[in-house]
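>
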Amino acid sequence: MTAAAEGSPPLRMTRARRNALLQSEPVQGLALISPTFLYALILLVLPILVVIAHSFWTQNYLTIDRTFTLENYRVALTEPIYRDLLWRSLYISLTVSLFTVILAYPIAYFISFHGGRHKSLWLFLITIPFWTSYLLRVMSWKVILGYNGVLNSGLMGLGIIDEPSTALLYNSTAVIITLTHAWAAFAILPIFVSLEKVDRTLVEAATDLGDGPLRSFLRVTLPLSAPGVISAALIVMIPTVGDYVTPKLVGGKDGVMIANAIQAQFGKASNWPLGAALSVTTMLIVTLMAGATVLIIRALQRLAR
Numbered sequence: 001m002t003a004a005a006e007g008s009p010p011l012r013m014t015r016a017r018r019n020a021l022l023q024s025e026p027v028q029g030l031a032l033i034s035p036t037f038l039y040a041l042i043l044l045v046l047p048i049l050v051v052i053a054h055s056f057w058t059q060n061y062l063t064i065d066r067t068f069t070l071e072n073y074r075v076a077l078t079e080p081i082y083r084d085l086l087w088r089s090l091y092i093s094l095t096v097s098l099f100t101v102i103l104a105y106p107i108a109y110f111i112s113f114h115g116g117r118h119k120s121l122w123l124f125l126i127t128i129p130f131w132t133s134y135l136l137r138v139m140s141w142k143v144i145l146g147y148n149g150v151l152n153s154g155l156m157g158l159g160i161i162d163e164p165s166t167a168l169l170y171n172s173t174a175v176i177i178t179l180t181h182a183w184a185a186f187a188i189l190p191i192f193v194s195l196e197k198v199d200r201t202l203v204e205a206a207t208d209l210g211d212g213p214l215r216s217f218l219r220v221t222l223p224l225s226a227p228g229v230i231s232a233a234l235i236v237m238i239p240t241v242g243d244y245v246t247p248k249l250v251g252g253k254d255g256v257m258i259a260n261a262i263q264a265q266f267g268k269a270s271n272w273p274l275g276a277a278l279s280v281t282t283m284l285i286v287t288l289m290a291g292a293t294v295l296i297i298r299a300l301q302r303l304a305r
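Counting in UniProt numbering, the final residue of the sequence shown is number 305, and the numbers go up one at a time with none missing.
1. Got a sec: does the ligand SAM put a non-hydrogen atom nearer than 8 Å to the Cβ of residue 216?
2. For residue 198, report the span of its alpha helix (DSSP H) as first-last.
3. Pop quiz: residue 257 and residue 88 are said to be a contact at Cβ under 8 Å. What is the actual Cβ separation, rounded to whole angstroms?
4. Quick check on DSSP: helix, strand or coil for residue 31?
5. Applying the 10 Å Cβ sphere with the 16-neighbour rule, what's the burial state of residue 143?
6. Would residue 229 and residue 105 qualify as a contact pair, given that the criterion is a beta-carbon distance under 9 Å?
7. DSSP on residue 166, reduced to helix/strand/coil?
8. Would you check if the distance between the CB atom of residue 244 and the CB atom of residue 263 is smaller than 9 Å?
9. Considering only their Cβ atoms, is the gap separating residue 188 from residue 232 smaller than 9 Å?
10. When we look at the beta-carbon of residue 148 and count the other beta-carbons within 10 Å, is it buried (16 or more) or exposed?
11. Looking at residue 90: is its Cβ nearer than 9 Å to the Cβ of residue 241?
12. Let me know if residue 178 comes out buried or exposed under the rule of 16 or more other beta-carbons within 10 Å of its beta-carbon.
13. Express the C-alpha separation of residue 101 and residue 184 in angstroms, rounding to a whole number.
14. Where do the N-terminal and C-terminal ends of the alpha helix (DSSP H) with residue 179 fall, by residue?
15. Which full runs of the alpha helix (DSSP H) of 4+ residues lie inside the region 107-147, going along the chain?
16. Could you check where the alpha helix (DSSP H) with residue 209 kicks off and where it finishes?
17. Among 298, 285, 136, 278, whose alpha-carbon lies nearest the alpha-carbon of residue 73?
18. In terms of alpha-carbon separation, which member of 191, 247, 236 lies closest to residue 225?
19. At which residues does the alpha helix (DSSP H) containing residue 77 begin and terminate?
20. Would you identify the three-state DSSP class for residue 22, choosing helix, strand or coil?
21. Rounded to whole angstroms, what's the CA-CA distance from residue 200 to residue 299? Just pull it up for me.
22. If distances are taken between C-alpha atoms only, which option among 45, 108, 85 comes closest to residue 222?
23. Mapping DSSP to helix, strand and coil, what is residue 286?
24. Tell whether a beta-carbon distance below 9 Å holds between residue 249 and residue 156.
25. If we call anything under 9 Å between Cβ atoms a contact, is residue 203 one with residue 216?
26. Spatial neighbours of residue 207 within its chain, please: C-beta separation below 7 Å, excluding the five flanking residues on both sides.
27. Give the straight-line distance between the Cα atoms of residue 53 and residue 176, rounded to the nearest whole angstrom.
28. Is it true that the CB of residue 168 sits closer than 9 Å to the CB of residue 135?
29. Could you check if residue 124 is buried or exposed, using at least 16 other CB atoms within 10 Å of its CB as the buried criterion?
30. Count the other CB atoms, across all protein chains shown, that sit within 10 Å of the CB of residue 44; report buried if there are 16 or more and exposed otherwise.
31. Measure from the alpha carbon of residue 287 to the alpha carbon of each residue in 269, 272, 261, 239, then state which is nearest.
Pasting the structure below:
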């Protein structure tokens with residue numbers, strides 16, 4: 001019987017044997033593997049494992065129906081809630097486009113015809129508010145239109161109202177006001193460019209032939225600047241239909257738009273087919289509406305001539 005079998009303590013590894021083990025080829029090979037290499041290996045292998053796990057989970061726990069159907073489009077067009085949201089979105093976008101163009105045209109006209117050598121400065125001042133985040137500007141309007149906001153406080157200070165009004169926020173009116181301000185600069189710039197291309201000699205000729213300022217504007221300046229007006233209206237109208245941040249922050253239940261319903265289908269509801277059908281339907285209707293707007297403005301332009 002050996003000494004180890006008789007209960008003697010195990011032999012300790014001597015320093016020479018330990019150094020020999022550390023200097024062996026397998027251990028030296030492991031030492032050459034850097035943390036960067038291990039990190040890259042993990043990044044390479046992890047996506048593959050995720051894809052394999054997702055494929056296994058899909059095959060065993062999900063059933064994907066690939067049957068071709070137009071049921072989602074029927075729901076998008078006939079369901080009252082989606083139809084009402086779509087009409088509300090179109091109404092808000094048309095109203096915002098109209099108010100934005102009405103607000104932007106006088107400003108662009110003043111800069112173009114009376115700005116003189118300070119035109120660049122005026123354009124610079126107009127774009128300054130739009131250097132800030134869109135979200136911050138929406139939140140600013142929420143503060144202005146709030147129950148204890150700037151507008152209510154000012155009206156109470158002037159004695160116009162006795163108590164704060166709740167009709168300024170969380171409705172479609174608040175959405176229209178906020179979006180009109182948000183898109184104002186995008187309407188001013190194309191109208192200004194169009195007005196800059198108006199031949200001033202034509203305006204002078206109309207004046208020499210007996211037209212007053214208003215008649216000269218209606219017969220010469222406005223028709224020649226119609227391309228800028230059309231561009232401004234389309235620039236504002238098309239993205240306004242798809243806005244969901246502004247209605248969510250200042251619209252409340254009375255200011256919800258179709259984009260909020262689409263976002264909900266892709267989010268909480270997890271009904272992507274219906275969300276896609278709502279998106280395509282909205283896109284087609286907006287395209288038709290934009291084309292109709294162009295045709296109407298061109299028809300009015302012909303009548304003005």
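Don't be surprised by glycine CBs; every beta carbon is placed ideally from N, CA and C.
So, from the listed chains and residues:
1. Looking at this structure, you won't find the ligand SAM or any other ligand, since it has none at all.
2. Per DSSP, residue 198 belongs to no alpha helix (DSSP H) and is neither H nor E.
3. 6 Å
4. Interpretation of residue 31 is limited by its pLDDT of 49, a score under 50 that renders its predicted location unreliable; the figure taken from the coordinates is listed afterwards. For residue 31, the secondary structure class from DSSP, reduced to helix, strand or coil, is helix.
5. exposed
6. yes
7. coil
8. yes
9. yes
10. exposed
11. yes
12. Per the 10 Å Cβ criterion, buried.
13. 8 Å
14. Residue 179 -> alpha helix (DSSP H) spans 172-182.
15. 119-127, 134-145
16. It is not in any alpha helix (DSSP H) - residue 209 carries neither H nor E in the DSSP assignment.
17. 278
18. 191
19. Residue 77 -> alpha helix (DSSP H) spans 71-78.
20. Since pLDDT at residue 22 reaches only 47, below the 50 mark, its modelled position is unreliable, and the value read off the structure follows with that caveat. Helix, per DSSP.
21. 24 Å
22. 108
23. helix
24. no
25. yes
26. 216
27. 47 Å
28. no
29. exposed
30. Answer is exposed; the Cβ neighbour count stays below 16.
31. 239
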